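So the structure is just underneath, and the comments pick up after that.
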Amino acid sequence: MIDQVANALITLQNPDGGWGATRDRRSNTEATSLAVSALHSLGEESGKDRVIRGALWLTERQNPNGSWRLNDVATAGSWTTALAIIALSAFPEQQKRALDASRWLLTQEGSKPGILAELILWATGKSNVNRLNNDLIGWSWVPNSFSWVEPTSYALTALKKVRSSLTAEAVNERIQQGEAMIYDRMCKGGGWNYGNSKVLDYALWPYPDTTAVALIALQDRAGDQANQESLQALRKTADEANSGLAASWAAISLNVYGQDTRDWQKRVEKRFRETGFLGETKTLALALMALNGKANPFRI
Amino acid sequence: MLRRDLLKYSALGALYPIVAACDRSPKWQRDAFRKKENSRVAILSATRYDQALKDTIVRGIKLCGLDVKGKRILLKPNLVEFDPKGVINTHPAVIEAAVDSFRGLGAAQVIVAEGPGHRRDNEYLLSASGLYDVIKEHRVRYVDLNTDDVRATPLRSRFTDLKQLYLPESLYNADLLVSMPKLKTHHWVGVTLSLKNMFGVVPGVVYGWPKNILHWQGINNSILDINSSLPLPQFAIVDGIIGMEGNGPLQGQAKSSGVLIFGDDFVAVDATAARLMTLEPQKIDYLAKAGEFLGNLDQEKIQQVGERLDKLQQDFAVIDDFHKLKKLTS
Numbered sequence: 007m008i009d010q011v012a013n014a015l016i017t018l019q020n021p022d023g024g025w026g027a028t029r030d031r032r033s034n035t036e037a038t039s040l041a042v043s044a045l046h047s048l049g050e051e052s053g054k055d056r057v058i059r060g061a062l063w064l065t066e067r068q069n070p071n072g073s074w075r076l077n078d079v080a081t082a083g084s085w086t087t088a089l090a091i092i093a094l095s096a097f098p099e100q101q102k103r104a105l106d107a108s109r110w111l112l113t114q115e116g117s118k119p120g121i122l123a124e125l126i127l128w129a130t131g132k133s134n135v136n137r138l139n140n141d142l143i144g145w146s147w148v149p150n151s152f153s154w155v156e157p158t159s160y161a162l163t164a165l166k167k168v169r170s171s172l173t174a175e176a177v178n179e180r181i182q183q184g185e186a187m188i189y190d191r192m193c194k195g196g197g198w199n200y201g202n203s204k205v206l207d208y209a210l211w212p213y214p215d216t217t218a219v220a221l222i223a224l225q226d227r228a229g230d231q232a233n234q235e236s237l238q239a240l241r242k243t244a245d246e247a248n249s250g251l252a253a254s255w256a257a258i259s260l261n262v263y264g265q266d267t268r269d270w271q272k273r274v275e276k277r278f279r280e281t282g283f284l285g286e287t288k289t290l291a292l293a294l295m296a297l298n299g300k301a302n303p304f305r306i
Numbered sequence: 666m667l668r669r670d671l672l673k674y675s676a677l678g679a680l681y682p683i684v685a686a687c688d689r690s691p692k693w694q695r696d697a698f699r700k701k702e703n704s705r706v707a708i709l710s711a712t713r714y715d716q717a718l719k720d721t722i723v724r725g726i727k728l729c730g731l732d733v734k735g736k737r738i739l740l741k742p743n744l745v746e747f748d749p750k751g752v753i754n755t756h757p758a759v760i761e762a763a764v765d766s767f768r769g770l771g772a773a774q775v776i777v778a779e780g781p782g783h784r785r786d787n788e789y790l791l792s793a794s795g796l797y798d799v800i801k802e803h804r805v806r807y808v809d810l811n812t813d814d815v816r817a818t819p820l821r822s823r824f825t826d827l828k829q830l831y832l833p834e835s836l837y838n839a840d841l842l843v844s845m846p847k848l849k850t851h852h853w854v855g856v857t858l859s860l861k862n863m864f865g866v867v868p869g870v871v872y873g874w875p876k877n878i879l880h881w882q883g884i885n886n887s888i889l890d891i892n893s894s895l896p897l898p899q900f901a902i903v904d905g906i907i908g909m910e911g912n913g914p915l916q917g918q919a920k921s922s923g924v925l926i927f928g929d930d931f932v933a934v935d936a937t938a939a940r941l942m943t944l945e946p947q948k949i950d951y952l953a954k955a956g957e958f959l960g961n962l963d964q965e966k967i968q969q970v971g972e973r974l975d976k977l978q979q980d981f982a983v984i985d986d987f988h989k990l991k992k993l994t995s
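The structure is reproduced here in structure tokens:
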């Protein structure tokens with residue numbers, strides 16, 4: 007099965023060396039980074055050329071400030087930079103690029119609501135509708151907007167992979183605050199929605215993919231009660247979702263926590279047979295990582 | 666009045682001149698938008714999802730005088746999240762009937778496209794909602810607008826600070842965009858209908874989930890800028906067979922309303938839908954502003970066909986913040 011998934015992923019590679027979200031889509035940094043990570047982690051000589059071309063697609067598109075745009079149409083550095091760092095950090099010869107990108111990542115901060123917005127929210131009695139600590143800063147999807155769990159988790163994972171080569175003071179402070187932000191956003195009972203645990207006094211429910219990426223980012227705090235609760239939430243929500251994406255993320259996340267993932271791998275295989283993951287590059291790449299399990303690119 | 670309330674109202678009063686001053690600049694080019702003299706909106710009765718909806722949809726399309734022969738149709742349902750106990754999404758039976766209807770009326774191509782605001786997991790969302798079976802059985806292509814190729818599109822109005830939006834290429838490769846929202850209340854803006862449904866065309870892979878940049882810029886403002894900048898003609902089919910009241914768009918209660926609403930003017934369709942929910946459209950911020958330049962809001966400018974509005978009107982509950990929208994009915 008692993009060969010079939012790998013082949014399905016390989017056939018989606020564009021002539022320019024990158025991958026798009028699905029067949030016939032323009033190459034983008036998210037899909038290419040995940041595909042390169044997945045195929046490289048297989049360590050197979052036969053697919054080496056594909057991996058090199060994918061990595062080249064990334065290196066040729068790194069911005070002078072170290073960041074990556076989403077694709078050739080976009081103009082600004084994006085949240086996908088963290089995924090490119092994770093992909094390139096596996097190549098010893100690309101360490102400088104990964105570090106340049108990490109320094110850019112350290113300059114990026116999620117914004118807080120402005121004073122005017124805070125005042126309006128306070129005046130209308132809505133200052134705490136989302137039950138958030140707005141002082142905790144992580145990373146946003148796009149510049150000048152709020153910190154969210156998923157981009158913050160990718161950024162933390164990327165920074166933790168290369169932190170030994172960065173100035174300790176700068177990186178440690180951001181990592182600590184990013185971790186605090188993620189824990190602050192945790193749903194009651196564990197797991198994560200996109201960024202809030204509550205809206206207008208209604209509890210929000212955790213999602214398997216968001217919970218998995220948050221747990222990956224917090225893998226070096228495995229003993230924390232919050233992590234243990236969230237691992238349970240991950241199993242429950244991924245079970246309910248019953249999709250290739252949810253099962254793949256569950257397997258990858260549980261794998262970095264040293265847990266048995268065989269049942270999840272079976273689910274990944276079953277969903278691949280049933281739906282082919284709708285031909286989505288992201289799910290194919292994550293499924294390959296889930297089925298491989300030996301060299302998990304998300305392990306810090 | 667409590668001292669705390671007094672302080673709040675004072676703060677709001679102090680803010681007013683600032684907000685008013687910011688509001689003086691024109692938000693759209695006056696000569697770039699021409700509203701139609703009159704807009705036609707059809708209200709048709711449909712009480713169950715297991716009835717023959719295709720006939721009703723064909724009738725609605727014909728009543729509005731829409732010709733789809735040879736056109737490439739993009740159906741944009743509201744598929745945002747799934748709750749087995751909830752009624753969040755456009756029902757797959759309505760989407761299925763729309764696919765059949767447009768094909769039957771001679772459309773060259775019909776695709777279903779959505780960029781779910783709360784889920785990245787298409788396989789889960791399509792399977793759980795029942796839409797996967799529809800697209801498989803009818804061999805209709807589904808496009809995830811969240812990860813579609815994008816094109817930088819200049820905004821034609823300036824309610825947000827955004828100068829451009831990246832919009833999916835699929836919008837540029839279609840001849841007609843059919844907004845297929847659910848008839849729902851919304852806890853931030855009052856109602857979510859065909860105009861608000863356009864949040865789903867904004868690609869998550871660029872702007873993130875749950876498309877926070879649009880909330881950051883103000884939901885009302887974003888609705889106006891997205892809709893003013895859509896690059897193709899539009900039509901709406903509102904699924905009001907079972908709607909949602911209360912704390913919508915996700916956690917409200919089901920409301921059997923028994924209607925489908927049709928029209929080629931999103932503002933007129935949404936104003937009519939709001940009136941069906943006994944909500945005053947002029948009091949819904951984005952709808953009132955949209956009525957100034959995008960379409961017809963006034964009842965006198967809407968030629969309503971099909972069922973009589975007052976016959977099918979339902980009292981939709983709203984959260985406390987939106988009691989002001991409730992229209993007093995006899």
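Taken in sequence, the protein lines are chains W and A. At the far end of the first sequence sits residue 306, using this note's numbering, and the numbering has no gaps. At the far end of the second sequence sits residue 995, using this note's numbering, and the numbering has no gaps. Where is the CB? At the ideal position from N, CA and C, for every residue including glycine. For clarity, every value in this text was computed on a predicted model and none was experimentally measured.
Three-state class that DSSP yields for residue i in the structure shown
i: E910/A; result: strand
i: Y200/W; result: coil
i: L820/A; result: coil
i: A936/A; result: helix
i: A955/A; result: helix
i: T289/W; result: helix
i: E779/A; result: strand
i: M845/A; result: strand
i: F864/A; result: helix
i: Y807/A; result: strand
i: K692/A; result: coil
i: A256/W; result: helix
i: K750/A; result: coil
i: T812/A; result: coil
i: V871/A; result: helix
i: L925/A; result: strand
i: G282/W; result: helix
i: I310/W; result: Since the first and last residues shown for chain W are 7 and 306, residue 310/W lies out of range.
Residue-chain proximity (residue i, chain W), Cβ-Cβ < 9 Å
i: V815/A; result: yes
i: G795/A; result: no
i: N754/A; result: no
i: S792/A; result: yes
CB contact check: residue i to chain A, cutoff 9 Å
i: D215/W; result: yes
i: W154/W; result: yes
i: G83/W; result: no
i: A27/W; result: yes
i: G6/W; result: Given a span of 7 to 306 for chain W in the structure shown, any question on residue 6/W remains unanswerable.
i: F97/W; result: no
i: N261/W; result: no
i: R32/W; result: yes
i: R67/W; result: no
i: V11/W; result: no
Per-residue contacts from residue i into chain A (C-beta, under 8 Å)
i: T87/W; result: Correct list: empty, because the minimum Cβ distance to chain A is about 14 Å.
i: A218/W; result: In chain order: nothing, as chain A lies at least about 11 Å away.
Residues that residue i contacts on chain A, provided the C-beta gap is smaller than 7 Å
i: A247/W; result: D786 and Y789
i: A252/W; result: D786 and Y789
i: L284/W; result: N787 and E788
i: T281/W; result: E788
Candidates the options: closest to residue i by CA position
i: L237/W; options: S249/W, V219/W and L251/W; result: V219/W
i: G197/W; options: R75/W, Q271/W and T216/W; result: T216/W
i: W110/W; options: E286/W, K272/W, G83/W and W147/W; result: G83/W
i: G960/A; options: G928/A, N787/A and Y807/A; result: G928/A
i: S859/A; options: Q899/A, L841/A, D813/A and V764/A; result: Q899/A
i: Q225/W; options: N71/W, K166/W and Q10/W; result: K166/W
i: I181/W; options: F304/W, C193/W and V168/W; result: V168/W
C-beta neighbour in chain C for residue i, strict 9 Å
i: V871/A; result: Given the protein chain composition of this structure (W and A), no chain C is represented.
Chain W residues whose Cβ lies nearer than 8 Å to that of residue i
i: I878/A; result: W147, V148 and S151
i: W874/A; result: W147, W154, E156 and Y200
i: W693/A; result: Those within 8 Å of W693/A in chain W number zero; the least Cβ separation is about 23 Å.
i: N912/A; result: L206 and Y208
Chain-ordered neighbours of residue i on chain W, where CB pairs are closer than 7 Å
i: Q916/A; result: Y208
Beta-carbon neighbours of residue i, restricted to chain W and to distances below 9 Å
i: T825/A; result: The premise fails here: T825/A is roughly 12 Å from chain W at the closest Cβ pair, so nothing lies under 9 Å.
Any chance you could list the alpha helix (DSSP H) runs of at least 4 consecutive residues sitting entirely within the stretch 697-730 of chain A, in chain order?
718-728
Next on the checklist: Which runs of the alpha helix (DSSP H) at least 4 residues long sit entirely within the stretch 961-991 of chain A? Give them in chain order.
Outcome noted: 974-977
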